[in-house]
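With the numbering used here, the residue at position 210 of the sequence shown is 1473, and numbering never jumps. Quick notes on the structure that follows.
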Amino acid sequence: PLTRRIVTVSGGAIRTPRNLEVRIGTPLSTLVAFCGGTTDPVARWVMGGPMMGLSIHSLDIPVIKGSGGLLGLVEHELAALPEPGPCIRCASCVGACPIGLMPLEMAALIRSGDLKASVEIGLKDCISCGTCSFVCPSQIPLVQYFNHAKGELAAQGRNRMKQDAIKELVEARESRMEREAREKAEAAERRKAERARAKAAAAEAAAAKASAAAKTTEETTA
1264 PLTRRIVTVS GGAIRTPRNL EVRIGTPLST LVAFCGGTTD PVARWVMGGP
1314 MMGLSIHSLD IPVIKGSGGL LGLVEHELAA LPEPGPCIRC ASCVGACPIG
1364 LMPLEMAALI RSGDLKASVE IGLKDCISCG TCSFVCPSQI PLVQYFNHAK
1414 GELAAQGRNR MKQDAIKELV EARESRMERE AREKAEAAER RKAERARAKA
1464 AAAEAAAAKA SAAAKTTEET TA
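Right, dumping it as structure tokens:
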């Protein structure tokens, strides 16, 4: 199993940028501290590389198997990007996608809330490389749409699993209660039958005793 990972800690705010071999699960704050902390105010923390990385708002998260780098960027390292504009259907993202997906169509479906349809045209095949966002002339954050949708699908999957587990528990409880009720009814029937047999045996014994007594009386009288 993978227990260690090489992580690059860099960026204009890092005092001593380094490549570190760290254990999976090590907090990012520990890596920054090992590199001497920061020299300037951090404008943005990025988990990953400058292109594929994702912005994070806290260093209290662990290194995972997909963690390749941590960037502490200062203000002048951030490009002043314009606000995202509407999709112009140029298909630059389609040509750039290394998987051959249609990012513009997936993003449109995600914006409309149709996650199922986005999965049908390849959402789960997306590797979140960020190429589509990089080449988009409208500066649409396509990869953020896809990561958000994947998170929503994962949450829905967990909810379905939870609901299925609850349903199984309820069905098992109902089945157990039905079995216990059936067993109680069968036991009651057995006890009733035993009492009836005992009563019949007692009545038969009493009749036999009365018959014997009557026979003895007749013999004595004779």
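Even glycine gets a Cβ: it sits at the ideal position worked out from N, Cα and C.
Give me the DSSP bridge partner(s) of residue i.
i     : result
T1301 : I1277
G1335 : W1308
E1284 : I1269
I1319 : W1308
P1325 : P1290
For residue i and residue j, which I take to be in contact (beta-carbon distance under 8 Å), what is that distance rounded to the nearest angstrom?
i     : j     : result
S1355 : P1400 : 7 Å
L1294 : V1270 : 6 Å
C1402 : P1345 : Reading the sequence as shown, one finds Gln at residue 1402 and not Cys. Going by Cβ atoms, the distance from Q1402 to P1345 rounds to 6 Å, so yes, they are a contact pair.
L1283 : A1306 : About 22 Å; that fails the 8 Å criterion.
N1410 : S1391 : 6 Å
Can you say whether residue i is buried or exposed, counting buried as having 16 or more other CB atoms within 10 angstroms of its CB?
i     : result
G1420 : exposed
G1414 : exposed
A1444 : exposed
V1433 : exposed
I1351 : exposed
L1291 : buried
M1440 : exposed
S1438 : exposed
CB residue i to CB residue j, shorter than 7 Å?
i     : j     : result
G1358 : P1325 : no
L1265 : K1328 : yes
L1333 : V1406 : no
R1286 : S1330 : no
A1412 : I1362 : no
M1315 : G1385 : no
E1340 : G1275 : yes
Y1408 : A1371 : no
R1281 : T1302 : no
I1360 : C1395 : It should be noted that the sequence gives Cys, not Ile, for residue 1360. The answer is yes: Cβ separation under 7 Å.
**Report entry** Whole runs of the alpha helix (DSSP H) within the region 1357-1403, excluding any shorter than 4 residues
**Finding:** 1366-1374, 1378-1383, 1394-1398
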